[in-house]
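Peer 1: Got a structure for you, written out below as structure tokens; questions coming shortly.
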Amino acid sequence: MNAPRSPILREGRNCWRLCRADRLALLVDGQRYYPAVVDSLAQARHAAWILAWDIDGRMRLDRGPVPDDLPPTLARYLDALCERREGLHVHVLLWDYSMIYTLEREPFPSMNLGWRTHRRVHFRMDGAHPVGACHHQKVVVVDDAVAYTGGFDLSKWRWDTPAHRAGDPVRTDPEGNPYPPFHDVQWVVDGEAARALGELCRDRWGRAGGRSPAVPRPEGDPWPAGVEPDLRGVRVAVARTHPAYGDRPEAREIEALHLDAIAAARRFLYIENQYLTSHAVGEALEARLAETDGPDVVIVLPLRKDGWLERQTMDVLRSRLLRRLRAADRHGRLRVYYPHIPGLEPDWVSVHAKVLVVDNRLIRAGSANMSNRSMGLDTECDLALEAGPDDTEVRAFIAGARNRLLAEHLGVSEAEVARALEEAPSPVAAVEGLRTLEGRSLRPLNGTVSPSSERVLPDAAVIDPERPMDPDEFVEVYVPPEDRKTGRRQALLFAGLLLGLVILAVLWQVTPLDEWFQAERVARWLEHIRYSPLALPVVIGVYVVASLLTLPLAVMIVGTAIAFGPWLGFAYAMVAALLTAVLTYGVGAALGRQSVANLAGARLNRISQWLADRGVLGVATLRVLPVAPFVIVNLVAGAVHIRFRSYFWGSAIGMIPGTLAISVFADSLLAVLVDPNWTGIGVLAGVTAGVVAGTLLVRRWMRGRAARSGEGGATLG
1 MNAPRSPILR EGRNCWRLCR ADRLALLVDG QRYYPAVVDS LAQARHAAWI
51 LAWDIDGRMR LDRGPVPDDL PPTLARYLDA LCERREGLHV HVLLWDYSMI
101 YTLEREPFPS MNLGWRTHRR VHFRMDGAHP VGACHHQKVV VVDDAVAYTG
151 GFDLSKWRWD TPAHRAGDPV RTDPEGNPYP PFHDVQWVVD GEAARALGEL
201 CRDRWGRAGG RSPAVPRPEG DPWPAGVEPD LRGVRVAVAR THPAYGDRPE
251 AREIEALHLD AIAAARRFLY IENQYLTSHA VGEALEARLA ETDGPDVVIV
301 LPLRKDGWLE RQTMDVLRSR LLRRLRAADR HGRLRVYYPH IPGLEPDWVS
351 VHAKVLVVDN RLIRAGSANM SNRSMGLDTE CDLALEAGPD DTEVRAFIAG
401 ARNRLLAEHL GVSEAEVARA LEEAPSPVAA VEGLRTLEGR SLRPLNGTVS
451 PSSERVLPDA AVIDPERPMD PDEFVEVYVP PEDRKTGRRQ ALLFAGLLLG
501 LVILAVLWQV TPLDEWFQAE RVARWLEHIR YSPLALPVVI GVYVVASLLT
551 LPLAVMIVGT AIAFGPWLGF AYAMVAALLT AVLTYGVGAA LGRQSVANLA
601 GARLNRISQW LADRGVLGVA TLRVLPVAPF VIVNLVAGAV HIRFRSYFWG
651 SAIGMIPGTL AISVFADSLL AVLVDPNWTG IGVLAGVTAG VVAGTLLVRR
701 WMRGRAARSG EGGATLG
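Structural data, given as structure tokens:
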């Protein structure tokens, strides 16, 4: 007979609060979550809180029922709620995100969710965390009466149905672009649990510099009308991760909860997660797999990560941990799968859920990934529920939640999963018996990566740290020795460049400089020196100055072609553009990455990604595709130390087609303007059509080459 076991959940060790939820439900996939949270927000009377890693005010809410008199997009919906209900305050707290995510997010969130909304929609960006950390909690609280937390943000690329159908026409982002299937879960609770999450929100708001309002008085019932509670009157654990920052000590309750839960498992550990890179969790799983009579472990992960950067980092770390787990699995109790949907290739289901189920005894879900960051560096919030020895209803819910998730991925019914788990000799045997080779099912995940990716990536402590890095350590790890120049020199270089740009801007305003650089005046000026020995040096000087003012390269080429004719103009433009590219490449190399980041902003990461292979093709692609202004590309290429030979020849190859096309087009246009006739117009039309067609073909070819080189999509947290 088994000895009685101590409870897993212990307040102060692996959870912050153990509190009562009068009602609780687990919402699986966005089709269930988003209509529920929209309904609760519509019933808000005093205060609504939204903590977000990402948020998009353009997100459409009309995939589910929305009150007829309210707008269908998130920002306008919150605006209308405050307009309609006097005294309602909505607080939106968004992580002050790294610039690497800028291209994936709504532009100017402070404007769209702050300035443009009702005065009682309060928006803040929260950067109160150590360097390298992030705020990853995803919480919505309405009047401290109902609260949601889990893996869902109120943002794009997340809504989906449990079917996760390939090509679902409803699954589109705010721009109307389709995105791959997305799987996640979210809790909804009320009672003391909701009040605890409201307290967490107010604490975050205050630490971000906001003024926390009074705790709202209980009034009304914002429980979503379409959600039947899974359980009533249960105790729920709220577990957190947050790093030490300011006067607040660190909290690692989520890590302790994972380790205690894994240690307590007897028969079956079921895991769904976006990542599997945590060193502590990996060691705990290794130890259980090595036991003779340890539990079966079934892990469901995405086939691969969504973005190029994550595939080169987190997928590599996942591959290393999977090798360790398989080496420890001497008794054949480990299975690692990914969800397969017919017709979805080359896309895959983005498994974003963060779920851990221990036997029929405990379930936890929330925002925390099984990564080192989520265990100690980022802010996270999970809820967990444990069944006592006599809690048959809670045990049935935990088993049912796990079986429902497995049934969704396997393409079978929940009853079939329950029957297989009861009749099969082991959980692994049950899952294997339900898997099919055709149709929707779970398929084995190998998880290997290329040897080159494996060699390049450093240790997990660098890519996926579990604690804040000391600034000196950060520099030591991330900055190459040749880039560790003195702060004085970097400051002087950067200040000199800024001063030069300021002087140019002032001269542009207070002198006739802007008139001198008008296209017609430049063309007349160059006409006088067409056959002068000074022609080429003058053209080069004009290109350098115009590039620093971020004047489009195409405009400069047009002026050169008009002044010197198509062929001499083409030659001069190529020489001047290449020398300008070389000069500004040198400026970027001298300034270094951080200084250029201050000038280039989010473009630095985008361009660095294009140049990841540091080859001729990468540079040539940037010259053909409209990724960033000419001078920005040059500065970034120098700052990230692209090999000069690749940079030079890639620039030359990439600029030749466009420069030639623009030169011929400009000459044809000038001929029509000087002597309008049908022949000239026909030639111009033909040249224009040829230039457009050629440009589109070259760009399509370049995009195809870039895609085959592994350029990825979005990153979700």
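Throughout the sequence shown, residue numbering follows UniProt numbering, covering 1 to 717 in sequence. Note that the Cβ used here is the ideal one computed from N, Cα and C, for glycine as well.
#1: Round the Cβ separation of R402 and Y270 to the nearest angstrom and send it over; I've been treating them as touching at under 8 angstroms.
#2: Can you pull the DSSP bridge partners for residue 742?
#3: Under three-state DSSP, which class holds C201?
#4: Can you look up W49 in the DSSP assignment and give me helix, strand or coil?
#5: Do you know how far the Cα of E199 is from the Cα of A214?
#6: Cutting at 6 angstroms between CB atoms, please list the residues of its own chain near residue 768, excluding the five before and the five after it.
#7: Return the first residue and the last residue of the alpha helix (DSSP H) that Y77 is part of.
#8: Alpha carbon to alpha carbon, how far is I653 from L660?
#9: Which residue wins for smallest C-alpha separation from A239, given the options I8, P657, M556?
#10: For the beta strand (DSSP E) containing I271, list its first residue and its last residue.
#11: Rounded to whole angstroms, what is the Cα-Cα separation between R158 and R324?
#12: Under a three-way DSSP split, which group does A251 fall into?
#13: Go through its chain and collect everything with a Cβ distance to G294's Cβ below 6 angstroms, but skip five positions before and after it.
#14: If you reduce the DSSP assignment to three classes, tell me which class V558 lands in.
#15: Mind checking L437: buried by the 16 CB within 10 Å criterion, or exposed?
#16: Identify the continuous alpha helix (DSSP H) that holds P35 and give its terminal residues.
#17: Hey, how far is the Cα of P174 from the Cα of P566?
#18: Rounded to a whole number of angstroms, what is the C-alpha to C-alpha distance between H122 and R20?
#19: Does E310 come out as helix, strand or coil in the three-state DSSP assignment?
#20: Identify the continuous beta strand (DSSP E) that holds I363 and give its terminal residues.
#21: Taking the C-alpha atoms as reference points, what is the distance between S155 and R105?
#22: Would you call A573 buried or exposed, if buried means 16 or more other Cβ atoms sit within 10 Å of its Cβ?
#23: What is the rounded straight-line gap between the Cα of L317 and the Cα of R63?
#24: I need the straight-line Cα distance from A51 to M370, nearest angstrom please.
#25: What are the start and end residues of the alpha helix (DSSP H) that includes S374?
#26: Contact between the stretch 67 to 87 and the stretch 216 to 233 is defined here as three or more beta-carbon pairs at a separation below 8 angstroms; is this criterion met?
#27: Taking I662 as the reference, give the member of R645, F570, V575 with the closest Cα.
#28: I need the boundaries of the alpha helix (DSSP H) containing I299, first residue and last residue.
#29: By the three-class DSSP mapping on this structure, what secondary structure does P444 have?
#30: Buried or exposed, going by whether 16 or more other CB atoms sit within 10 Å of the CB of T117?
#31: Looking at the structure shown, is R58 part of a helix, part of a strand, or coil, going by DSSP?
#32: Could you check what DSSP says for E386 in three-state terms: helix, strand or coil?
#33: Keeping to the same chain, check which residues put their C-beta closer than 8 angstroms to that of L88; ignore five residues upstream and five downstream.
#34: Taking only three categories from DSSP, how would you classify A239?
#35: Quick one: what's got a C-beta closer than 7 angstroms to M59's C-beta in the same chain, skipping five residues either side?
#36: On the CB-based measure, 16 or more other CB atoms within 10 Å of its CB, does F108 come out buried or exposed?
Peer 2: Considering the structure as presented:
#1: 5 angstroms
#2: With the chain running from 1 to 717 in the structure shown, residue 742 is simply not present.
#3: helix
#4: strand
#5: 11 angstroms
#6: Past the edges of the chain, shown from 1 to 717, lies residue 768, and the structure says nothing about it.
#7: 74 to 84
#8: 12 angstroms
#9: I8
#10: 268 to 272
#11: 32 angstroms
#12: strand
#13: R288
#14: helix
#15: exposed
#16: 30 to 42
#17: 44 angstroms
#18: 30 angstroms
#19: helix
#20: 362 to 366
#21: 9 angstroms
#22: buried
#23: 37 angstroms
#24: Reading off the sequence, residue 51 comes out as Leu, not Ala. C-alpha separation (whole angstroms): 21 angstroms.
#25: 372 to 376
#26: no
#27: F570
#28: That residue, I299, is in no alpha helix (DSSP H); its beta strand (DSSP E) goes 296 to 300.
#29: strand
#30: buried
#31: coil
#32: strand
#33: A44, R45, H46, A47, A48, L81, C82, R120
#34: strand
#35: T73, L74, L154, S155, K156, P174
#36: exposed
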